[in-house]
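Worksheet for the structure shown next.
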Amino acid sequence: MISVYPGSFDPPTNGHMDIITRASKFSDKLYVAVLNNSSKNVAFSVSDRLSMLSKITEGLPNVEVVSFSGLLVDFAAQAGASHIIRGLRAVMDFEYEFQMALTNRSLDDRLETLFIPTSVQYLYLSSSIVKEVLKYGGNISHMVPEPIEEFIKRSHS
Ligand code: ADP
Numbered sequence: 000m001i002s003v004y005p006g007s008f009d010p011p012t013n014g015h016m017d018i019i020t021r022a023s024k025f026s027d028k029l030y031v032a033v034l035n036n037s038s039k040n041v042a043f044s045v046s047d048r049l050s051m052l053s054k055i056t057e058g059l060p061n062v063e064v065v066s067f068s069g070l071l072v073d074f075a076a077q078a079g080a081s082h083i084i085r086g087l088r089a090v091m092d093f094e095y096e097f098q099m100a101l102t103n104r105s106l107d108d109r110l111e112t113l114f115i116p117t118s119v120q121y122l123y124l125s126s127s128i129v130k131e132v133l134k135y136g137g138n139i140s141h142m143v144p145e146p147i148e149e150f151i152k153r154s155h156s
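So in numbering that gives the first Met the number 0, spot 64 of the sequence shown is number 63, and the numbers just go up one at a time.
Have a look at this one:
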């Protein structure tokens, strides 16, 4: 089974890493796909996000980090993927994720979206929270994998 886990990953967090690790176990191949969409307001460049994700997935041989633009269904078809992976946190994710899943299915009904419930310790963790804490110089070591913290420290110094 070939899966695609799409997202902004701006920056990648422990919550993302948890989903990547779990999805890599039941996928033969997992593409972690960074959305390169210029209309989104992002803090980290696509190349920085690709570097960060590549670093934290080094130990997972069936995971490949890529970027894509345009429609997810087009990227998935091109990659030969049958499943889209999305993580679900609290109720706040539900409405948007449901809408995306139904939209993607209406565009390509060969693609199934699989939702993986977050691990409870990451329930309220998001890239936005990480960015907010970073803005005021707070500690993010419990929110992101160590290589991500190092990368951010280096790129901000
Ligand atoms: P997007 O802009 O596509 O929502 P994100 O990088 O914010 O990109 O999220 C990508 C995916 O990862 C989404 O499915 C989101 O719900 C999931 N996700 C984000 N944070 C967590 C977390 N703490 N636990 C589980 N899933 C998460």
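Beta carbons are placed, not taken as given, at the ideal position from N, Cα and C, and that holds for glycine.
Own chain, CB closer than 8 Å to residue i, minus 5 neighbours either side, in chain order
i    : result
S53  : V64
G159 : The structure shown does not extend to residue 159, since the chain is modelled only from 0 to 156, so the question has no answer here.
H82  : M0, I1, S2, V3, S26, L110, E111, T112 and L113
S50  : F150
Residue i - containing alpha helix (DSSP H), residue span
i    : result
H15  : N13 to F25
T128 : A small correction: the amino acid at residue 128 is Ile; Thr does not occupy that position in the sequence shown. Its alpha helix (DSSP H) spans residues S126 to K134.
F74  : L71 to A78
Local conformation of residue i per DSSP, three classes
i    : result
T56  : coil
F93  : helix
I139 : coil
V119 : helix
P146 : helix
Segment limits, beta strand (DSSP E) that includes residue i
i    : result
L29  : K28 to L34
L87  : H82 to L87
L113 : E111 to P116
V64  : V62 to F67
V3   : I1 to G6
Proximity of residue i and residue j at Cβ, strictly below 7 Å
i    : j    : result
I151 : P11  : no
V3   : A22  : no
R88  : T56  : no
F43  : D9   : yes
V72  : N103 : yes
I115 : G86  : yes
Sequence-distant residues of the same chain with beta carbon closer than 7 Å to residue i, five excluded per side
i    : result
L34  : P5, G6, S7 and F67
I139 : V129, V132, L133 and E148
L124 : T12, N13, G14 and M142
Y121 : N13, G14 and D17
Cutoff 6 Å; reference residue i; Cβ partners in own chain excluding five residues on either side
i    : result
P144 : M16 and I55
I84  : S2, Y4, A22 and L113
L59  : S23
A100 : T112
For this session: Say whether the segment 67–85 touches the segment 102–109, bearing in mind that this needs 3 or more beta-carbon pairs closer than 8 Å, one atom from each stretch.
Result: yes
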